[in-house]
Amino acid sequence: MRVKLITLLAASAMLAACTGNDDTTAGGTGGATGNLGANAGYGNGGIGGSNLGATNGSSVPGSQQDLEVNVGDRVYFGYDSSSVDQAGQQTLDRQSAWLKQFGNVAVTVEGHTDERGTREYNLALGERRAAAAKAYLVASGVPASRINTVSYGEERPADAGKDENAYALNRRAVTVVNTGY
Amino acid sequence: MAAGSALPFGSAHAQLQVEVNRGKVEPMPIAISPMAGSPMGTQIAGVITTDLAGSGLFRPIDQAAFIQSPQELADAAPRFPDWRQINAQALVTGRVQDNGGTIGVEFRLWDVYAGTQLTGMRYDATSAQWRRLAHKIADEIYRRLTGDAGYFDTRICYISETGPAKQKVKRLAIMDQDGANHAFLTDGNSLVLTPRFSPDTRQIAYMAYRGGRPTIYVRTIATGQEISLGDFGGTAFAPRFAPSSDSLLVTVAREGNSDIYRVDIGSRSLRPITSGSAIDTSPSYSPDGSRIVFVSDRGGIPQLYVMGSSGGGAQRISFGNGRYGDPAWSPRGDFIAFTNIQGGMFHVGLMRPDGSDERLITRSYRDQSPNWAPNGRVIVFSRQSGDRSRLFSIDSNGYNERQLPTPLDASDPDWSAVLP
Chain A
1 MRVKLITLLA ASAMLAACTG NDDTTAGGTG GATGNLGANA GYGNGGIGGS NLGATNGSSV
61 PGSQQDLEVN VGDRVYFGYD SSSVDQAGQQ TLDRQSAWLK QFGNVAVTVE GHTDERGTRE
121 YNLALGERRA AAAKAYLVAS GVPASRINTV SYGEERPADA GKDENAYALN RRAVTVVNTG
181 Y
Chain B
1 MAAGSALPFG SAHAQLQVEV NRGKVEPMPI AISPMAGSPM GTQIAGVITT DLAGSGLFRP
61 IDQAAFIQSP QELADAAPRF PDWRQINAQA LVTGRVQDNG GTIGVEFRLW DVYAGTQLTG
121 MRYDATSAQW RRLAHKIADE IYRRLTGDAG YFDTRICYIS ETGPAKQKVK RLAIMDQDGA
181 NHAFLTDGNS LVLTPRFSPD TRQIAYMAYR GGRPTIYVRT IATGQEISLG DFGGTAFAPR
241 FAPSSDSLLV TVAREGNSDI YRVDIGSRSL RPITSGSAID TSPSYSPDGS RIVFVSDRGG
301 IPQLYVMGSS GGGAQRISFG NGRYGDPAWS PRGDFIAFTN IQGGMFHVGL MRPDGSDERL
361 ITRSYRDQSP NWAPNGRVIV FSRQSGDRSR LFSIDSNGYN ERQLPTPLDA SDPDWSAVLP
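Order-wise, the sequence lines are chains A and B.
Per full-length UniProt numbering, residue 1 is the first one in the first sequence, and the count goes up by one each step.
Per full-length UniProt numbering, residue 1 is the first one in the second sequence, and the count goes up by one each step.
Structure representation (structure tokens):
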């Protein structure tokens with residue numbers, strides 16, 4: 001799945017750095033886990049993930065692009081926190097409605113951290129964030145069987161910067177549509 | 001490689017000794033003569049020289065100052081006044097017997113001021129193993145002059161890094177402790193993290209994102225064979241071998257909760273060591289296997305705890321400022337190395353297993369992942385500055401910080417035991 005955001009690129013200079021989801025090779029041993037890593041390195045730091053307000057006639061309903069553009073694929077966390085704040089809850093509410101609309105879509109929630117902890121603790125923290133987002137979706141009525149979680153810890157930052165703005169963008173849980181469903 | 005055998009020679013118990021327990025050590029001037037008998041003798045002396053200089057405890061003297069030739073030294077006892085004249089306190093001499101395919105090396109270590117031999121050994125090996133043979137000799141010199149075991153015939157495994165920060169390519173790599181014989185063990189197609197040697201030096205356990213759920217793999221170094229420890233029903237990470245090398249501690253994160261388990265490599269049977277909703281991870285065994293130091297945020301932020309090897313009875317041992325992680329129990333048992341994060345900086349530090357005598361010995365934007373050389377005197381760690389990440393070693397007394405030679409960026413180092 002190679003996502004092209006031509007329309008949005010014209011609409012928003014902020015998206016100039018976005019290269020789309022170019023990891024098409026992540027294979028899997030089963031549909032449920034087949035997309036692990038598919039969003040790794042997804043480079044749209046600075047977008048904010050929600051409330052873009054853009055509609056994109058070319059995005060396929062139920063696709064990753066649809067989720068990113070029209071719903072918001074990610075929620076953010078405070079330092080060493082896995083609490084979903086109000087903005088995150090709003091994003092997850094939209095994700096929940098979207099997942100109910102596209103009942104055949106399975107997703108993986110990827111948990112990420114900034115680089116201000118140790119690598120192993122960050123793997124644990126990333127899992128906690130992914131699980132927090134999943135728990136919210138499940139509580140809002142999405143079957144748990146449709147949602148996997150995986151932690152990338154600090155390994156796949158959304159922003160390579162070394163300041164608090166970058167760290168804040170990296171402390172996130174990203175919902176990724178499993179391919180091959 | 002055949003073990004060294006002692007050469008017959010009267011050995012006086014001289015007082016020549018490098019004091020390693022003091023803070024900053026004045027390096028001992030040592031003359032390391034090229035070995036006679038083969039051009040390989042010069043190379044072997046070169047490796048010994050680099051090893052001993054790198055320890056920070058010795059100051060090898062420039063060979064240009066040597067008066068007595070290698071051949072003269074091979075045929076007769078040293079002319080000690082010649083060596084006193086250039087202020088050598090210790091002298092290393094030797095002879096290489098090149099049998100074409102195999103080599104035999106005799107070396108002798110002399111106390112220049114007492115005029116006595118301190119030790120003499122013969123080693124036999126294949127010619128291809130000449131560097132290991134040199135490291136064995138350096139280990140013996142180090143042992144004889146410091147009283148501690150050497151750590152030169154050892155290897156470092158680590159994660160080699162290339163590519164942009166947002167999509168780093170990470171490969172498992174291995175090299176001798178001096179950077180020689182470097183090899184990449186994985187191809188970079190999957191993300192790999194946190195390699196750890198088995199105490200018997202035969203295997204490396206590491207985490208990889210490969211196929212399905214990320215999990216722990218165990219690689220046999222000599223054959224390249226790799227096995228997956230399987231799907232634990234969650235993200236599995238932070239592997240550490242037990243002292244027996246036949247089981248591992250791993251962390252499994254399920255539904256947001258990370259706990260430590262012991263997994264038997266043969267049977268794959270899994271036994272929980274910690275439980276509860278806190279993050280418990282980064283375990284490291286005491287050398288006798290009776291205790292485990294680990295990281296937990298059960299008290300609110302990540303701190304170090306020590307518990308019995310079956311779990312239970314965990315006692316917090318870290319009480320300084322900031323957050324703690326990456327504990328590594330010294331092979332001597334006397335200290336635990338760790339990462340400490342405070343004031344926006346990362347430190348490598350040490351404390352005793354009861355939490356006393358805490359000290360921070362490094363500081364940077366990101367120093368982490370300390371692990372011990374097998375003699376418990378030297379620590380290897382990774383340092384990130386800007387977009388670069390490299391490996392460093394430092395003595396446990398906080399002196400002698402050195403960058404290790406790696407061809408590319410590097411992180412997650414581990415130091416093997418002395419090779420058999």
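Yeah, the Cβ is synthetic: ideal placement off N, Cα and C, and Gly gets one too.
Tell me which same chain residues have a C-beta within less than 6 Å of the C-beta of residue i, skipping the five on either side of it?
i, result
"N375 of chain B", "D148, A149, Y151"
"R298 of chain B", "A278"
"A253 of chain B", "G234, T235"
"A88 of chain B", "P29, A31, I61, V112"
"T149 of chain A", "V109, A130, A131, K134"
"G41 of chain B", "P34, M35, V96"
"H182 of chain B", "M175"
"Q68 of chain B", "R79, D82"
"G45 of chain A", "Since pLDDT at G45 of chain A reaches only 38, below the 50 mark, its modelled position is unreliable, and no value is offered."
"W110 of chain B", "P78, L91, Q117"
"A314 of chain B", "Y305, M307"
"F102 of chain A", "G62"
"A373 of chain B", "Y151, W415"
DSSP on residue i, reduced to helix/strand/coil?
i, result
"M40 of chain B", "helix"
"D82 of chain B", "helix"
"T33 of chain A", "Because T33 of chain A sits at a pLDDT of 31, beneath the cut-off of 50, its placement in the model cannot be relied upon, and the following sentence gives the value as read from the coordinates. Note: T33 of chain A maps to helix in three-state DSSP."
"G163 of chain B", "coil"
"D231 of chain B", "coil"
"T194 of chain B", "strand"
"I279 of chain B", "coil"
"V18 of chain B", "coil"
"V47 of chain B", "helix"
"D75 of chain B", "helix"
"A6 of chain B", "strand"
"A236 of chain B", "strand"
"G43 of chain A", "Confidence in G43 of chain A is poor, its pLDDT being 36 and thus under 50, which makes the residue's placement unreliable; the coordinate value appears in the next sentence. Coil."
"G94 of chain B", "strand"
"G355 of chain B", "coil"
"A242 of chain B", "coil"
"L52 of chain B", "helix"
"L172 of chain B", "strand"
"V112 of chain B", "coil"
"R202 of chain B", "coil"
"residue 421 of chain B", "Outside the displayed range of chain B (1 to 420) lies residue 421 of chain B, so it cannot be described from this structure."
On the DSSP bridge list, what partners appear for residue i?
i, result
"Q68 of chain B", "Q68 of chain B is not bridged to any residue."
"P29 of chain B", "B:R59"
"P272 of chain B", "B:Y261"
"residue 440 of chain B", "A query on residue 440 of chain B cannot be resolved here, the shown segment of chain B reaching from 1 to 420 and no further."
"S382 of chain B", "B:Q368, B:L391"
"Y285 of chain B", "B:I292"
"G104 of chain B", "B:Q97, B:D124"
"F184 of chain B", "B:A173"
"A410 of chain B", "B:S160"
"E226 of chain B", "B:R219"
"V250 of chain B", "B:Y261"
"residue 452 of chain B", "Look at the range of chain B in this structure, 1 to 420, and you will see that residue 452 of chain B is not part of it."
"Q89 of chain B", "Answer is none; Q89 of chain B lacks a bridge partner."
"R402 of chain B", "B:S393"
Is residue i near the ligand SAM - that is, is its Cβ less than 6 Å away from at least one heavy atom of it?
i, result
"A168 of chain A", "The ligand content of the structure shown is nil, which means the ligand SAM is not present either."
Near residue i, which residues of its chain fall below 7 Å by C-beta distance, leaving aside the five closest residues on each side in sequence?
i, result
"T186 of chain B", "R171, L172, V192"
"S5 of chain B", "M121, R122"
"N257 of chain B", "S277"
"Y167 of chain A", "D114, R116"
In its own chain, which residues sit with a C-beta less than 8 Å from the C-beta of residue i, not counting the 5 before and 5 after it?
i, result
"W266 of chain B", "Residue 266 of chain B is actually Gly in this sequence, not Trp. Counting only Cβ-Cβ distances below 8 Å, and skipping sequence neighbours, we find D246."
"G37 of chain B", "A74, R95, V96, Q97, D98"
Since residue i meets chain C, which of its residues come closer than 9 Å, beta carbon to beta carbon?
i, result
"P157 of chain A", "Of the protein chains in this structure, namely A and B, none is chain C."
Original post:
Given a limit of 8 Å on CB to CB distance, which residues of the region 226-243 of chain B reach chain A?
Top reply: G234, T235, F237, A238
Original post:
What residue ranges within the region 291-348 of chain B form continuous beta strand (DSSP E) runs of no fewer than 3 residues, ordered along the chain?
Top reply: 291-296, 303-308, 323-329, 336-342
**OP:** Please list the segments of the beta strand (DSSP E) lying wholly inside the UniProt domain "OmpA-like" (64-181) of chain A, counting only runs of 3 or more residues, in order along the chain.
**Re:** 74-76, 107-112, 147-153, 172-177
Subject >> Contacting positions in the region 172-206 of chain B - beta carbon closer than 7 Å to chain A >> reply: L191, L193, T194
Subject >> Secondary structure, alpha helix (DSSP H): runs of 4+ residues fully inside the region 116-150 of chain B >> reply: 130-146
**OP:** Could you run through the region 383-414 of chain B and flag, in chain order, every residue whose CB is less than 9 Å away from some CB of chain A?
**Re:** Q384, G386, D387, S411, D412
Subject >> Within 7 Å of chain B by C-beta, residues of the region 126-154 of chain A in sequence order >> reply: E127, R128, A131, A132, V150, S151
Subject >> chain B contacts made by the region 103-123 of chain A, where a contact means CB separation under 8 Å >> reply: E115, R116, G117, T118, R119, E120, Y121, L123
Subject >> Members of the region 61-83 of chain A near chain B, C-beta cut-off 8 Å >> reply: D80, S82
Subject >> Cβ-based contacts, 8 Å cut-off: residues of the region 306-332 of chain B near chain A >> reply: R323, G325, D326
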